[in-house]
Amino acid sequence: MRPEPSKTAPLEITVLVSVGRHPLTGRGRRADQDARGVELARALPAPEVRLLHAGALDGGSEAALRGYLGMGFDALTLLEQPEGADVLPALADALSEASPQLVITGERAEQGEGSGLLPYLLAEWLGWPVVNGLAEVEDVQDGVATLLQALPRGQRRRLKVRLPAIVTVDGAAPAPRQSAYGPARRGTLEAVPGPVSLDGDWESWQVQPARKRPKRLKIVKAASARDRFKAAAAKAEGGGGQVLTDVTPEQGAEAILKLLKEEGVLR
Amino acid sequence: MLDTLLPILIFAALAVAVIGAGRRVRLWRQGRPARVALLQGLAAMPRRYLVDLHHVVGRDKVMSNTHVATAGGFVAAAVLMILVHGLGLAEGVLGWLLLAASGCMFVGSLFVARRRRNPPARLSRGPWMRLPKSLMAFSLGVFAVTLPSVGLLPEGFLEGSGGWLLALVLAAVVTWGLGEMVFGMTWGGPMKHAFAGALHLAFHRRPERFGGGRSTGLKALDLDDPEAPLGVEKPADFTWNQLLGFDACVQCGRCEAMCPAFAAGQPLNPKKLIQDMVVGMAGGSDAAYAGSPYPGKPVGEHQGSPHGPIVARDGKALVDAETLWSCTTCRACVEECPMMIEHVDAIVDMRRFLTLEHGNTPNKGAEVLDNLIATDNPGGFDPGARMHWAADLELPLMADRGAAEVLLWLGDGAYDMRNQRTLRALVKVLRAAGVDFAVLGNEERDSGDVARRLGDEATFQSLAKRNIATLARYRFARIVTCDPHSFHVLGNEYGELGGDYEVRHHSTYIAELFEAGRLHFKPWKGGGVTYHDPCYLGRYNGEYEAPRNVLKALGIEVAEMERSGFRSRCCGGGGGAPITDIPGERRIPDMRMNDVRETGAELVAVGCPQCTAMLEGVVDGGAEVRDIAELVADALAEAPQATGGGATQTQRPQAVEVV
Chain V
1 MRPEPSKTAP LEITVLVSVG RHPLTGRGRR ADQDARGVEL ARALPAPEVR
51 LLHAGALDGG SEAALRGYLG MGFDALTLLE QPEGADVLPA LADALSEASP
101 QLVITGERAE QGEGSGLLPY LLAEWLGWPV VNGLAEVEDV QDGVATLLQA
151 LPRGQRRRLK VRLPAIVTVD GAAPAPRQSA YGPARRGTLE AVPGPVSLDG
201 DWESWQVQPA RKRPKRLKIV KAASARDRFK AAAAKAEGGG GQVLTDVTPE
251 QGAEAILKLL KEEGVLR
Chain B
1 MLDTLLPILI FAALAVAVIG AGRRVRLWRQ GRPARVALLQ GLAAMPRRYL
51 VDLHHVVGRD KVMSNTHVAT AGGFVAAAVL MILVHGLGLA EGVLGWLLLA
101 ASGCMFVGSL FVARRRRNPP ARLSRGPWMR LPKSLMAFSL GVFAVTLPSV
151 GLLPEGFLEG SGGWLLALVL AAVVTWGLGE MVFGMTWGGP MKHAFAGALH
201 LAFHRRPERF GGGRSTGLKA LDLDDPEAPL GVEKPADFTW NQLLGFDACV
251 QCGRCEAMCP AFAAGQPLNP KKLIQDMVVG MAGGSDAAYA GSPYPGKPVG
301 EHQGSPHGPI VARDGKALVD AETLWSCTTC RACVEECPMM IEHVDAIVDM
351 RRFLTLEHGN TPNKGAEVLD NLIATDNPGG FDPGARMHWA ADLELPLMAD
401 RGAAEVLLWL GDGAYDMRNQ RTLRALVKVL RAAGVDFAVL GNEERDSGDV
451 ARRLGDEATF QSLAKRNIAT LARYRFARIV TCDPHSFHVL GNEYGELGGD
501 YEVRHHSTYI AELFEAGRLH FKPWKGGGVT YHDPCYLGRY NGEYEAPRNV
551 LKALGIEVAE MERSGFRSRC CGGGGGAPIT DIPGERRIPD MRMNDVRETG
601 AELVAVGCPQ CTAMLEGVVD GGAEVRDIAE LVADALAEAP QATGGGATQT
651 QRPQAVEVV
């Protein structure tokens with residue numbers, strides 16, 4: 001790690017980590033996106049990373065949480081919550097108390113409610129901006145972070161956001177480092193008391209593992225290998241564009257010119 | 001004058017040697033404690049040296065005889081010299097014996113000198129090049145100073161001015177010899193191998209290897225003790241007898257000549273690795289090393305200390321991580337080492353630290369380990385899909401049967417389409433022989449072989465303990481598997497964790513079935529066949545004969561490759577090497593298929609899913625790769641009619657073989 005000039009205070013980051021679930025076997029594990037979030041945090045210059053988990057601690061979840069410790073952490077802060085509790089107030093409390101500059105989290109949990117709404121509700125609660133689907137945090141300077149957001153088909157969008165902020169990590173972010181057994185075993189889970197708000201609705205819900213819905217096979221009728229290749233490599237139909245109706249030819253031509261300039265065909 | 005000078009010289013050299021020995025012992029004792037039967041080991045040492053070690057050295061007859069003459073001559077000459085010149089007991093037969101011993105040593109040293117005139121690349125140079133001269137100095141010097149003692153030269157020969165000069169010259173020569181042979185032995189000269197080697201044999205970490213035994217299973221880490229270190233970070237983390245073993249290295253380079261990774265230009269040389277451990281144990285840089293370097297890594301850029309890291313997290317330390325990850329754990333170096341040093345143990349010890357503490361298993365290593373943790377197989381396949389390949393075979397499940405004579409262990413090859421063909425063939429053979437067998441089905445997990453060789457002892461033990469618990473629920477006489485890696489782990493490594501089983505490789509079991517008359521084969525009609533010994537079947541488990549017997553029973557005459565049997569060259573598929581995939585100049589399986597091509601065989605018989613995958617992956621391999629089970633399944637014939645008897649049977653090749 002290169003030495004940082006003393007004028008910059010370490011960047012305080014909190015990564016919200018959850019207990020994941022392996023898609024094939026259903027075993028507890030590091031949640032993939034959360035682990036990518038940890039990796040993202042570790043890659044920043046001079047980070048002070050804190051891991052935060054809100055949930056129940058039992059045999060299965062402990063092994064999964066220790067998976068995060070195995071990425072090179074001494075401790076993980078644990079807000080103990082019974083199963084089915086609404087973790088939002090506890091997390092919001094803990095975050096406003098610790099007041100980190102950056103909160104990193106996955107897009108959605110791999111089990112439980114998994115609605116993907118937590119980052120947005122937290123942001124609303126704390127009054128912070130939220131940026132979703134990050135591939136990279138490029139730079140943090142003077143309280144402003146330059147972020148790279150992942151868009152479909154490998155496209156990227158560069159954004160600037162004033163800290164503190166909440167960001168969520170896309171599957172396009174760098175793969176997490178290996179979790180090592182030694183640090184995972186040595187690290188401590190520091191339980192911190194926090195408010196517990198039980199979710200009444202959850203009680204009445206029936207929970208079952210999500211299953212992938214069957215997908216209709218794409219039947220390609222192609223005469224030649226070239227056609228088959230084209231069909232396989234075809235770009236998905238884009239949802240963008242606009243439909244112009246009832247416009248004058250001049251307006252139509254202007255719209256086309258504008259598009260060509262936007263796309264860089266005309267300069 | 002010599003009468004007064006010689007005792008002084010001799011006892012001074014001995015005293016300095018004793019001080020050196022003390023210093024050397026202190027170096028070894030930096031290591032962790034190890035439980036060794038000290039007295040028993042010392043008592044067994046002469047036998048281990050004269051029988052077991054010379055069994056290995058004897059593979060090269062010329063060098064073996066050279067060593068017997070030189071070392072035998074030296075030991076005898078040294079003892080007699082102390083008696084004759086040190087204590088002045090020249091009367092009678094002792095002096096003559098000393099003449100004979102030093103003469104014998106001199107003859108040996110002539111052969112050592114011949115060896116050193118144009119030494120092969122595997123031999124280290126540097127101080128080793130002066131060794132034949134030192135041997136000659138000692139033997140000639142002792143011979144010459146003994147001549148007057150036995151009366152072959154007149155007592156007054158060395159008096160007078162000319163005699164004085166001669167005496168001085170002789171004293172100088174003897175001093176040189178004593179310096180190399182006695183002082184150098186404990187102060188780090190080439191003769192160190194004799195001192196450290198003798199003690200290494202006495203305190204070997206695998207005493208079972210001596211007396212014709214075999215000990216190849218890796219030793220388990222204690223994971224229950226949170227204070228116990230996870231693998232080896234620094235040289236002092238080795239056990240003291242491992243450090244002693246490294247110090248015993250005679251730098252003959254036989255390991256280097258056999259190492260598949262070295263031959264492939266990957267950055268590993270077993271000899272250099274052991275020397276690096278010696279450098280680390282004593283502290284310093286590897287600049288003085290005078291043998292072949294790790295391919296692509298110049299000598300002199302690495303250094304270490306007993307309590308410094310062996311592999312740095314970033315930058316350079318004693319050894320680079322890719323050196324450790326190049327090893328295929330084929331054990332060719334261990335098999336070849338005349339000092340019986342345990343290279344593979346050391347490499348896995350260091351890998352354990354890299355994986356368990358650094359979390360730094362290269363390339364696909366981390367992914368494979370994650371898969372093993374989450375899905376119990378390295379490919380990350382659905383554990384519920386393990387038996388899909390056998391959907392139409394109606395294999396009896398242990399869960400339904402509870403007991404069977406044979407438990408057929410499928411291994412992770414059950415997910416591999418190539419190995420599924422082997423498995424189907426094996427099932428066909430077992431059914432043809434009417435074997436009462438059953439499989440674990442989806443209850444089976446990876447044996448833990450890959451996890452363990454990648455250094456992830458925690459995942460290995462987790463898999464092993466769950467497998468042992470599953471196996472404990474069923475009754476069976478033996479386990480049969482077509483995967484030598486599972487065979488080795490189940491048979492040799494589960495025992496330490498509480499699982500003792502009788503395990504057979506399918507070739508062994510098929511050979512037994514054939515001998516019992518339960519299998520009958522059609523005569524072989526194909527072309528030339530050669531056989532590739534899997535490391536984990538041959539060197540790890542000593543099974544060289546059964547596969548060849550099966551091939552013979554099929555009527556196949558095996559055209560042996562130059563490197564076969566205990567010297568078989570690895571396919572490159574062991575030890576997680578295809579997963580860590582360290583680049584080299586060549587690929588190991590390509591070299592092996594070249595070996596196959598040299599025999600002119602059209603088909604290479606194998607007995608291991610890894611070997612099959614590696615050898616079949618060779619572009620333009622030339623020879624077809626088939627598992628022994630497939631060859632047997634293809635040759636299955638109905639049992640001959642009992643009344644058809646003798647006349648027809650004698651024409652069948654299998655009838656000839658039943659003796």
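In order, the protein sequences belong to chains V and B. The UniProt record's numbering numbers the first residue of the first sequence as 1 and each following residue consecutively. The UniProt record's numbering numbers the first residue of the second sequence as 1 and each following residue consecutively. Note that CB positions come from ideal geometry on N, CA and C, so glycine has one too.
- Would you verify that the beta carbon of B/GLU357 is, or is not, closer than 7 Å to some beta carbon of chain V? As a working note, residue 357 of chain B is residue 357 in the second sequence. Interface residue, yes.
- Query: Is it right to say V/ALA233 is buried, meaning 16 or more other beta carbons lie within 10 angstroms of its own, or is it exposed?
  - Reply: As a working note, residue 233 of chain V is residue 233 in the first sequence. By the neighbour-count rule (16 or more Cβ atoms within 10 Å), V/ALA233 is not buried but exposed.
- Which residues of chain V have a Cβ atom closer than 7 Å to the Cβ of B/ASP382, listed in chain order? Start at 1 with the first residue of the second sequence, and residue 382 of chain B comes out as number 382. What B/ASP382 touches in chain V: LEU24.
- Among B/VAL112, B/TYR49, B/LEU221 and B/THR481, which residue has its Cα nearest to the Cα of B/LYS133? Position 133 of the second sequence, counted from the first residue, corresponds to residue 133 of chain B. For B/LYS133, the nearest C-alpha among the options comes from B/VAL112.
- In the structure shown, what three-state DSSP assignment does residue 303 of chain V receive? As shown, chain V starts at 1 and ends at 267. That puts residue 303 of chain V outside it, with no answer to give.
- Query: B/ARG205: which of B/THR175, B/ASN419 and B/THR239 sits nearest, CA to CA?
  - Reply: Position 205 of the second sequence, counted from the first residue, corresponds to residue 205 of chain B. When each option's Cα is compared against that of B/ARG205, the closest is B/THR239.
- Below 8 Å on the Cβ atoms is my guess for V/THR146 versus V/ARG158; work out the distance and round it to an integer in Å. Translated into the one-based positions of the first sequence, residue 146 of chain V becomes position 146. Translated into the one-based positions of the first sequence, residue 158 of chain V becomes position 158. Indeed, because the Cβ distance is near 7 Å, the residues count as touching under 8 Å.
- Query: Who are the Cβ neighbours of V/LEU11 in its own chain at under 8 Å, not counting the five residues just before and after it?
  - Reply: Taking the first residue of the first sequence as position 1, residue 11 of chain V is located at position 11. Here the set comprises LEU44, PRO45, ALA46, PRO47, GLU48, GLN101, LEU102 and VAL140.
- Message: Mapping the DSSP letters down to three states, classify B/GLY646 as helix, strand or coil.
- Response: The residue given as residue 646 of chain B occupies position 646 in the second sequence. The predicted position of B/GLY646 is uncertain, since its pLDDT is 43 and thus under 50; a value taken from the coordinates is nonetheless stated next. Reduced to three states, the DSSP call for B/GLY646 is helix.
- Message: At the level of alpha carbons, what is the spacing between B/PHE514 and B/MET387?
- Response: By 1-based counting over the second sequence, the position of residue 514 of chain B is 514. By 1-based counting over the second sequence, the position of residue 387 of chain B is 387. When rounded, the distance between both Cα atoms is 28 Å.
- Query: Leaving out the 5 sequence neighbours to the left and right, which residues in its chain are closer than 7 Å to B/ALA647 when beta-carbon positions are compared?
  - Reply: Along the second sequence, read from residue 1 onward, the residue named residue 647 of chain B stands at position 647. Per-residue confidence for B/ALA647 stands at a pLDDT of 42, beneath the threshold of 50, marking its modelled position as unreliable; no derived number is given.
- Task: At 7 Å on the CB atoms, spell out the chain V contacts of B/ALA458, in chain order.
- Result: Along the second sequence, one-based indexing puts residue 458 of chain B at 458. In chain order: TYR181.
- Identify, in the order they occur along the chain, each residue of the same chain with its Cβ nearer than 6 Å to the Cβ of B/PHE476, setting aside the five sequence neighbours on each side. Along the second sequence, read from residue 1 onward, the residue named residue 476 of chain B stands at position 476. Here the set comprises ALA404 and LEU407.
- Item | Cβ neighbours of B/LYS316 in the same chain (closer than 7 Å, five flanking residues each side left out) | Counting from one through the second sequence, the residue named residue 316 of chain B turns up at place 316. Taking B/LYS316 as the centre and dropping the five residues before and after it, the same chain places the C-beta of GLU301 and HIS302 closer than 7 Å to its C-beta, in chain order.
- Sort B/HIS85, B/CYS104 and B/ASP412 by Cα distance to B/ASN65 and report the nearest one. Locating residue 65 of chain B in the second sequence gives position 65, counting from the first residue. Per the Cα distances, B/CYS104.
- Message: Suppose contacts are defined by Cβ-Cβ distances below 7 Å. Is B/VAL529 in contact with B/ALA605 by that definition?
- Response: Residue mapping note: residue 529 of chain B aligns to position 529 of the second sequence, counting from 1. Residue mapping note: residue 605 of chain B aligns to position 605 of the second sequence, counting from 1. Closer than 7 Å, so yes.
- Query: Taking the continuous alpha helix (DSSP H) assigned at B/GLN420, which residues delimit it?
  - Reply: Translated into the one-based positions of the second sequence, residue 420 of chain B becomes position 420. Membership of B/GLN420 in the alpha helix (DSSP H) is indicated by the continuous run 417–432.
- Query: How would you call V/GLY116, buried or exposed, if buried means at least 16 neighbouring beta carbons within 10 angstroms?
  - Reply: Numbered from 1 along the first sequence, position 116 holds the residue referred to as residue 116 of chain V. With fewer than 16 Cβ atoms within 10 Å of its Cβ, V/GLY116 is classed as exposed.
- Can you tell which of B/LYS522, B/ASP286 and B/ALA623 has its C-alpha closest to the C-alpha of B/GLY555? The residue you call residue 555 of chain B lines up with position 555 of the second sequence. The residue with the shortest Cα to Cα distance from B/GLY555 is B/LYS522.
- Query: What residues in the region 62–81 of chain V bring their beta carbon closer than 8 Å to a beta carbon of chain B?
  - Reply: Of all residues in the region 62–81 of chain V, only GLY70, MET71 and GLY72 place a beta-carbon less than 8 Å from a beta-carbon of chain B.
- Count the other CB atoms, across all protein chains shown, that sit within 10 Å of the CB of B/MET277; report buried if there are 16 or more and exposed otherwise. Along the second sequence, one-based indexing puts residue 277 of chain B at 277. Buried: at least 16 other Cβ atoms inside 10 Å.
- Where the beta strand (DSSP E) containing V/HIS53 begins and where it ends: For the purposes of this step, residue 53 of chain V is taken as residue 53 along the first sequence, with counting starting at 1. Counting along the chain, the beta strand (DSSP E) containing V/HIS53 begins and ends at 47–55.
- Scan the region 156–186 of chain V for residues whose Cβ lies nearer than 8 Å to a Cβ of chain B and list them as they occur along the chain. ARG177, GLN178, SER179, ALA180, TYR181, GLY182, PRO183, ARG185 and ARG186
- Query: Cα-Cα, which of V/GLN33, V/TYR68 and V/VAL38 is closest to V/ARG108?
  - Reply: Residue numbering aside, residue 108 of chain V sits at position 108 when the first sequence is read from its first letter. For V/ARG108, the nearest C-alpha among the options comes from V/GLN33.
- Since I believe B/ARG569 is in contact with B/MET591 (beta carbons under 8 Å), could you give me their beta-carbon distance rounded to a whole number of angstroms? As a position in the second sequence, residue 591 of chain B is number 591, starting the count at 1. As a position in the second sequence, residue 569 of chain B is number 569, starting the count at 1. About 7 Å; that satisfies the 8 Å criterion.
- Query: Which residue's Cα is closest to the Cα of B/ILE347: B/LYS234, B/HIS520, B/TYR536 and B/ARG117?
  - Reply: Residue 347 of chain B sits at position 347 when you count from the first residue of the second sequence. Per the Cα distances, B/LYS234.
- Give the C-beta separation of V/LEU180 and B/GLY359 to the nearest angstrom, bearing in mind that I take them to be a contact with Cβ-Cβ under 8 Å. The residue you call residue 180 of chain V lines up with position 180 of the first sequence. The residue you call residue 359 of chain B lines up with position 359 of the second sequence. Reading off the sequence shown, one finds Ala at residue 180 of chain V, where the question assumed Leu. In this structure V/ALA180 is in contact with B/GLY359, their Cβ atoms being roughly 3 Å apart against a cut-off of 8 Å.
- Item | chain V within 7 Å of B/ALA366, Cβ atoms only | By 1-based counting over the second sequence, the position of residue 366 of chain B is 366. Chain V, which has a Cβ nearer than 7 Å to the Cβ of B/ALA366, makes this yes.
- Does V/ARG27 get closer than 7 Å to chain B when you measure Cβ to Cβ? For this step, residue 27 of chain V is matched to residue 27 along the first sequence. For V/ARG27, a Cβ of chain B is located within less than 7 Å of the residue's own Cβ.
- Item | residue 660 of chain B at chain V interface by Cβ criterion, 7 Å | No answer is possible for residue 660 of chain B: the residues shown for chain B start at 1 and end at 659.
- Query: Hey, would you say B/LEU268 sits closer than 7 Å to B/SER326, going by beta carbons?
  - Reply: Here residue 268 of chain B corresponds to residue number 268 of the second sequence, with the count starting at 1. Here residue 326 of chain B corresponds to residue number 326 of the second sequence, with the count starting at 1. For B/LEU268 and B/SER326, yes; Cβs fall inside 7 Å.
- Under the DSSP definition of a beta bridge, which residues are partnered with V/ARG158? Position 158 of the first sequence, counted from the start, is the residue given in the question as residue 158 of chain V. DSSP lists V/LEU148 as partners of V/ARG158.
- Answer with buried or exposed for V/VAL243, where buried requires no fewer than 16 other C-beta atoms within 10 angstroms of its C-beta. Counting from 1 along the first sequence, the entry for residue 243 of chain V is found at position 243. V/VAL243 comes out exposed.
- Counting only runs of 3+ residues fully inside the region 77–134 of chain V, write out the beta strand (DSSP E) ranges in chain order. 102–106
- Query: Should B/TRP164 go down as buried or exposed, given a rule of 16 or more other Cβ atoms within 10 Å for buried?
  - Reply: As a working mapping, residue 164 of chain B is identified with position 164 in the second sequence. The residue in question, B/TRP164, is exposed, as its Cβ has fewer than 16 Cβ neighbours within 10 Å.
- Query: Any beta-carbon of chain V closer than 7 Å to the one on residue 667 of chain B?
  - Reply: No information on residue 667 of chain B is available, as it lies outside the stretch 1 to 659 that chain B covers here.
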